[in-house]
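Following my numbering, the numbering of the sequence shown begins with 1058 at its first residue and continues without gaps.
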Amino acid sequence: MFKHGMIFMGVLFFVLLGVSPVQAADYVGVKKCKMCHMKQFKSWKTTKMAKVFEHLKPGVRAEAKTAAGLDPNKDYTGDATCLPCHTVNGSADMPNVQCEACHGAGSDYMKVMMTNRDYKREEVIAKGLILPDEAACRKCHNEKSPFYKEFNFEERLKQGIHEHVPLKKAH
Ligand code: HEC
Ligand code: HEC
Ligand code: HEC
Ligand code: HEC
């Protein structure tokens, strides 16, 4: 009886919120993407984006931090103001600017890629895949960053995010 009550309360909760209990996509982490996108992974790994979580540790980039008015000896790895731009999801569990920081949470679109190589692009986009434009980059490359440098989208793209491998199919 109690158990049914709990389920009822759970359903009521979602009804009251006006949402259905459907889960949003989850972040799966770079290791999953690497399984099928090795070239992008290897080249991404050599960029600074793969190491930006390090910047939050005490003593790292001390001169730059001092110049920006931050405390070089402070541990910023748990600091909620820094984490959103130095992790995928604002948490130390998903450190660095991994694939999903640009391409969106992957649990749903990855399933489509896994099961159907002939997927239609609308399908993966509907499942949360982002093909990032300038606005997607500016979520992090903006004046809220204590180290903001002018951000020229075309030039930064050329500077290298990862190797671009032409798609085998048209999608
Ligand atoms: C099981 C294999 C597999 C996994 C895991 C996987 N993908 Fe893919 N992905 C594919 C395939 C296959 C394609 C189509 C490639 C082609 O046509 O050449 C693709 C295409 C893409 C594209 C191009 C989309 C388009 O149509 O323009 C992006 C971006 C992408 N994947 C990102 C990711 C990211 C990020 C992850 C991790 C969250 C991931 N993939 C995980 C297999 C996978
Ligand atoms: C709005 C996003 C954002 C926030 C918030 C943010 N950062 Fe960053 N951080 C960046 C970006 C983007 C860069 C790279 C700058 C560039 O290349 O334009 C960067 C670069 C850095 C660097 C390297 C600087 C250098 O020149 O060597 C350090 C260190 C750093 N951030 C620490 C922090 C700390 C500590 C905090 C919190 C107090 C923080 N960041 C908050 C986005 C952010
Ligand atoms: C989640 C936050 C975030 C997003 C989204 C993001 N960046 Fe960055 N990016 C950073 C941070 C932090 C650095 C700092 C690297 C450093 O200075 O050590 C950085 C560094 C870079 C670099 C320098 C890499 C290197 O090895 O020198 C390039 C190029 C770059 N970003 C381009 C882009 C582009 C283009 C986009 C959008 C398609 C983008 N970024 C989206 C946070 C982000
Ligand atoms: C800083 C942002 C950023 C990060 C991080 C990033 N990508 Fe991309 N990715 C892009 C952009 C921009 C494109 C070009 C999108 C377009 O064609 O409109 C792209 C394209 C792709 C494509 C299409 C084929 C190709 O090579 O161009 C795949 C597959 C892909 N990314 C996978 C990955 C994987 C796997 C990772 C992590 C190892 C990753 N990306 C990390 C921005 C990023």
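In this text, a Cβ means the ideal position worked out from N, Cα and C, and glycines have one as well.
Closer than 7 Å: is that where the CB of P1189 sits relative to any heavy atom of ligand 4? yes
Given a cut-off of 8 Å, decide if C1093 and M1170 are closer than it, judged by their beta-carbon atoms. Yes, the pair counts as a contact, with Cβ atoms nearer than the cut-off.
Under 8 Å: do the segment 1164-1183 and the segment 1121-1131 share three or more Cβ pairs, one atom per stretch? no
Hey, would you say the C-beta of Q1097 is under 7 Å away from at least one heavy atom of ligand 6? The model depicted lacks ligand 6 and carries ligand 1, ligand 2, ligand 3 and ligand 4 instead.
Leaving out the 5 sequence neighbours to the left and right, which residues in its chain are closer than 7 Å to D1190 when beta-carbon positions are compared? Non-local beta-carbon contacts of D1190 in its own chain, meaning distances under 7 Å to residues more than five positions away in sequence, are absent.
4 or more residues per run - each alpha helix (DSSP H) lying fully within the segment 1095-1137: 1095-1102 and 1119-1124
Any non-hydrogen atom of ligand 1 within 7 Å of E1179 CB: no
Under DSSP, the alpha helix (DSSP H) around V1154 begins and ends at which residues? Element bounds for V1154: n/a, residue is neither H nor E.
Quick one, are the C-beta atoms of G1163 and A1149 less than 8 Å apart? no
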